[in-house]
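J.:
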Amino acid sequence: LASGFLEAMMGARRPGARADEHAVLEVAPPAPPRIRLAMTARLFHRMLRLESDTARFQRRLATVLARHRVVAARGQAGGPRAPSAAAARGASPAPAAALAEFDALCREALRDWQTPIVNDLFLMFAHGALRRTASAWLGSDSPALVNGLLAGGGISARPGQELVGIGAAIRARADWSAVVRRTPPEELLERLAGDPALAPLKARIDAYLETWADRAPRELQLERRTFREDPTALLAALRTLAIEPGAGGSERATADIATTARREVARRLRGQALAGRPAGAVRLAVFTVLLRLTRRGIRRREEMRLLRGQVFGVGRRIFRDLGASLTASGMLAEAGDVHYLELSELREIALGAWSVGEARSVVGARRARYAAYAAGPRLPNRLETRGPAADPLQIVPPATAPPDVPAGGAARTWRGIGAAVGRARGECLVVLEPTVAPPTAGRIIAARSTDPGWVPILVGAAGLAVEQGSLLSHSAIVARELGIPTVVGLPGLLDDVRDGDVLEVDGSSGEVRLQQRVTAA
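Take any residue in the sequence shown, note its place counting from 1, add 194, and you have its number in the numbering used here.
1. At what residues does the alpha helix (DSSP H) containing T309 begin and finish?
2. For I611, count the other beta carbons within 10 Å of its own beta carbon; 16 or more makes it buried, fewer makes it exposed. Which is it?
3. Name the one or two DSSP bridge partners that R658 has.
4. Any idea what DSSP makes of G603, helix, strand or coil?
5. Output yes or no for whether 8 Å exceeds the beta carbon distance between G509 and L299.
6. Please state the DSSP three-state secondary structure of E698.
7. Return helix, strand or coil for L708, following the three-state DSSP convention.
8. Please report the straight-line C-alpha distance between R635 and G616, rounded to a whole angstrom.
9. Considering only DSSP beta bridges, list what G347 is partnered with.
10. Enumerate in chain order the residues of its own chain whose CB-to-CB distance from I364 is below 6 Å, with the five nearest sequence positions on each side excluded.
11. Among D515, A351, I543, whose alpha-carbon lies nearest the alpha-carbon of M525?
12. Whose C-beta lies closer than 8 Å to the C-beta of Q252 among residues of the same chain, with five residues either side of it excluded?
13. Could you give the first and the last residue of the continuous alpha helix (DSSP H) run that contains V556?
14. Would you check if the segment 375–385 and the segment 450–461 touch, i.e. whether three or more CB-CB distances between them fall below 8 Å?
15. Once the 5 residues before and after G517 are set aside, which same chain residues still bring their CB inside 6 Å of it?
16. Given that a residue counts as buried once 16 or more other Cβ atoms are within 10 Å of its Cβ, and exposed if not, what is F238?
17. Tell me whether the beta-carbon of D693 lies closer than 8 Å to the beta-carbon of V624.
18. Just list the residues that DSSP pairs W608 with in beta bridges.
19. Assign R283 to one of two classes, buried (16 or more other C-beta atoms within 10 Å of its C-beta) or exposed (fewer than that).
20. Hey, how far is the Cα of I671 from the Cα of L665?
21. DSSP state of A547, grouped into three classes?
22. I'd like to confirm the pairing. Which residues does DSSP put opposite R617 in its beta bridges?
23. Thinking C-beta only, is A641 closer than 8 Å to V660?
24. Is the beta carbon of A303 less than 8 Å from the beta carbon of V258?
25. Note down the Cα distance separating A553 from L416, rounded to an integer number of angstroms.
26. N341 to W608, Cα distance in whole Å?
27. Alpha carbon to alpha carbon, how far is V476 from W406? Give it in angstroms, no decimals.
28. Excluding five sequence neighbours on each side, which residues of the same chain lie with their C-beta closer than 8 Å to the C-beta of R325?
29. Less than 8 Å between the C-beta atoms of F316 and G491, yes or no?
30. Which of the three DSSP states is assigned to L666 in this structure?
31. For L623, which three-state DSSP category applies?
32. Are Y402 and E438 closer than 8 Å when you measure CB to CB?
33. Under the three-state reduction of DSSP, which class applies to P425: helix, strand or coil?
34. Spatial neighbours of F481 within its chain, please: C-beta separation below 8 Å, excluding the five flanking residues on both sides.
35. Just to check my reading of the structure: G346 and G677 have Cβ atoms closer than 8 Å, yes? What is that Cβ distance to the nearest angstrom?
Listed below in structure tokens is the structure:
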């Protein structure tokens with residue numbers, strides 16, 4: 195049971211696997227009964243206090259973030275920092291101070307870091323039980339009904355919804371609209387700052403960046419630049435929304451989807467009771483509890499993910515400053531080299547135990563190794579290994595089911611996992627790097643994977659088709675919150691579709707259909 199729930203949560207099913215096929219677990223002999231009993235009791239205790247643990251986690255991280263924002267503001271203003279013990283011993287004060295701040299961040303933030311993991315565990319069981327119950331009680335269309343029940347009402351869509359609001363405000367003002375349309379995104383903030391008449395618009399954009407700038411693609415990778423460092427892609431998305439609002443769902447539309455699904459579920463389960471099956475009322479009560487637990491778990495997951503991303507933003511700023519300091523001293527060739535060094539190595543550099551040549555040599559070797567990884571074959575969604583690990587890793591991609599080609603070749607169909615209900619048709623836009631994506635309004639976005647940081651470019655899209663993902667992946671959660679028809683779990687999709695192809699995404703059936711192939715130039 196647990197393995198099936200875990201595979202569904204992670205999207206780790208083998209391509210082409212039967213519906214009833216699950217991974218074979220190879221585990222150690224079961225623990226003694228007393229150990230299992232103690233573990234069960236502890237998990238039950240954590241479940242009962244999960245709401246209070248979540249609130250404590252959120253309060254702690256909010257306090258941590260506020261404190262480090264004050265430290266960052268002092269640093270930007272040139273405020274003094276207390277000399278560290280390392281500085282007193284003659285070490286480079288800037289690296290030592292940066293590492294001391296990072297250590298303080300870890301001590302403050304990591305104390306309750308297990309709470310999101312515990313929430314994910316209970317969400318896995320609640321969501322799995324909800325899906326299985328729906329399959330048994332509601333009929334063959336139960337996956338689409340559950341997706342409808344989970345639509346809307348989450349924090350991950352908030353950045354996109356606020357961006358849509360700013361775009362609407364720009365369209366309503368001819369002077370704002372003219373400036374935004376004519377100004378390249380990389381020059382927009384400077385243009386707004388130079389015109390007092392545009393001060394209200396700049397204030398709205400500044401407020402947005404202050405709140406959401408760390409919510410960027412791959413936000414948990416410290417080496418990635420966020421919208422705080424480079425808002426160009428965000429402003430490009432805003433420019434598109436200022437020209438046309440796009441085809442994405444609205445808050446009201448997603449609420450309507452959820453309401454319609456709730457009414458249909460209630461109608462079916464009450465109908466079972468009226469047909470002489472008194473269990474219908476009991477089933478409705480059980481189903482309602484499972485739905486409430488699942489929605490609550492998803493809400494907690496996304497709220498805590500946002501806070502974690504903001505904490506990573508603090509860490510990113512610390513290491514960015516550290517990299518700049520080491521570059522200024524000549525230790526590194528460029529600030530980004532700091533991400534090719536381990537934390538223990540940075541501590542030795544701060545203590546003066548490394549030479550310039552040694553640091554640059556290590557960075558160069560690791561850069562070359564990472565470049566070799568990037569040039570290698572793309573990893574499949576699921577790896578199966580046997581025997582000792584090889585270096586370099588020899589990857590044999592698993593066979594993927596080819597798209598269906600009906601008689602006459604009129605259309606192709608890929609079957610994946612319907613993640614957000616609805617049907618959309620439009621031109622395909624293949625997005626590999628969301629920070630350089632062209633306008634997406636009204637188009638079907640095809641991607642390898644997405645995360646909550648994609649919201650600025652997803653909010654105007656008509657539909658979404660993703661190679662990776664599961665029903666609890668961020669692709670699925672964000673799509674349901676935005677009301678965008680979405681199919682995930684489509685391995686190999688990007689090997690066949692191209693920009694300009696006309697696709698139809700059916701988020702209820704889990705199918706993506708190629709309606710028209712773009713003419714090659």
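Each residue gets a CB set at the ideal place from its N, CA and C atoms; glycine is no exception.
Fair warning: this is a prediction, and the values are worked out from it, not measured in the lab.
T.: Result, derived from the coordinates:
1. Here residue 309 refers to the residue found at position 115 of the sequence shown. 309–332 is the extent of the alpha helix (DSSP H) around T309.
2. Your numbering for residue 611 matches position 417 in the sequence shown. Buried, since its Cβ has 16 or more Cβ neighbours within 10 Å.
3. The count along the sequence shown starts at 1 and reaches residue 658 at position 464. Rather than Arg, the amino acid found at residue 658 in this sequence is Leu. L658 pairs with I639, T680.
4. One-based indexing of the sequence shown puts residue 603 at position 409. Bear in mind that a pLDDT of 47 at G603, under 50, signals an unreliable position, so the model cannot answer this.
5. To locate residue 509, count along the sequence shown from 1; it is residue 315. To locate residue 299, count along the sequence shown from 1; it is residue 105. Yes, the Cβ-Cβ distance between G509 and L299 is below 8 Å.
6. One-based indexing of the sequence shown puts residue 698 at position 504. Correct three-state label for E698: strand.
7. By 1-based counting over the sequence shown, the position of residue 708 is 514. Reduced to three states, the DSSP call for L708 is strand.
8. Sequence index remark: in the sequence shown, residue 635 carries index 441 (1-based). Sequence index remark: in the sequence shown, residue 616 carries index 422 (1-based). In the sequence as displayed, the identity of residue 635 is Ala instead of Arg. Answer to the nearest angstrom: the Cα atoms are 17 Å apart.
9. Sequence index remark: in the sequence shown, residue 347 carries index 153 (1-based). Answer by DSSP bridge pairing: none, since G347 is not bridged.
10. Here residue 364 refers to the residue found at position 170 of the sequence shown. Counting only Cβ-Cβ distances below 6 Å, and skipping sequence neighbours, we find W370, S371, V374, A436.
11. Taking the sequence shown and counting its residues from 1, one reaches residue 525 at position 331. Taking only the C-alpha atoms, the option nearest M525 is I543.
12. In the sequence shown, residue 252 corresponds to position 58, counting from 1. Excluding positions up to five away in sequence, the list reads E497, M498, L501.
13. Counting from 1 along the sequence shown, the entry for residue 556 is found at position 362. Taken as a continuous stretch (DSSP letters only), the alpha helix (DSSP H) holding V556 covers 550–569.
14. no
15. Translated into the one-based positions of the sequence shown, residue 517 becomes position 323. Within the same chain, G517 has close Cβ partners A529, V532.
16. Taking the first residue of the sequence shown as position 1, residue 238 is located at position 44. When all chains shown are included, F238 counts as exposed.
17. In the sequence shown, residue 693 corresponds to position 499, counting from 1. In the sequence shown, residue 624 corresponds to position 430, counting from 1. Yes, they are a contact pair.
18. Along the sequence shown, one-based indexing puts residue 608 at 414. Partner(s): V706.
19. Reading the sequence shown from its first residue, position 89 is the one you call residue 283. For R283, the predicted model reports a pLDDT of 37, less than 50, meaning its position is unreliable; a value from the coordinates is still stated below. Classification for R283: exposed.
20. Counted from its first residue, the sequence shown places residue 671 at position 477. Counted from its first residue, the sequence shown places residue 665 at position 471. Whole-angstrom Cα-Cα distance: 8 Å.
21. On the sequence shown, residue 547 is found 353 positions in, with the first residue counted as 1. A547: coil per DSSP, three-state reduction.
22. Numbered from 1 along the sequence shown, position 423 holds the residue referred to as residue 617. In DSSP, R617 forms a bridge with D700.
23. Working through the sequence shown from its first residue, we reach residue 660 at position 466. Working through the sequence shown from its first residue, we reach residue 641 at position 447. Result yes, Cβ atoms of V660 and A641 sit closer than 8 Å.
24. Along the sequence shown, read from residue 1 onward, the residue named residue 303 stands at position 109. Along the sequence shown, read from residue 1 onward, the residue named residue 258 stands at position 64. Yes; because the gap between Cβ atoms is below 8 Å, this pair is in contact.
25. Here residue 553 refers to the residue found at position 359 of the sequence shown. Here residue 416 refers to the residue found at position 222 of the sequence shown. Distance between the alpha carbons of A553 and L416 is about 20 Å.
26. Stepping through the sequence shown from its first residue, residue 341 is reached at position 147. Stepping through the sequence shown from its first residue, residue 608 is reached at position 414. Answer to the nearest angstrom: the Cα atoms are 19 Å apart.
27. Here residue 406 refers to the residue found at position 212 when the sequence shown is read from its first residue. Here residue 476 refers to the residue found at position 282 when the sequence shown is read from its first residue. Spanning the two alpha carbons is a distance of roughly 43 Å.
28. Position 131 of the sequence shown, counted from the first residue, corresponds to residue 325. So the list reads A202, S336, P337, V340, L665, once near-sequence residues are dropped.
29. On the sequence shown, residue 316 is found 122 positions in, with the first residue counted as 1. On the sequence shown, residue 491 is found 297 positions in, with the first residue counted as 1. Contact flag set, yes.
30. Numbered from its first residue, the sequence shown carries residue 666 at position 472. Three-state DSSP puts L666 in coil, outside helix and strand.
31. For the purposes of this step, residue 623 is taken as residue 429 along the sequence shown, with counting starting at 1. In the structure shown, L623 sits in a strand (DSSP, three-state: E or B).
32. Position 208 of the sequence shown, counted from the first residue, corresponds to residue 402. Position 244 of the sequence shown, counted from the first residue, corresponds to residue 438. No, the Cβ-Cβ distance between Y402 and E438 is not below 8 Å.
33. Stepping through the sequence shown from its first residue, residue 425 is reached at position 231. Three-state result, P425: coil.
34. Stepping through the sequence shown from its first residue, residue 481 is reached at position 287. Contacts found: L324, T327, A328, W331, V459, L463.
35. Taking the sequence shown and counting its residues from 1, one reaches residue 346 at position 152. Taking the sequence shown and counting its residues from 1, one reaches residue 677 at position 483. Correct: roughly 7 Å between the Cβ atoms.
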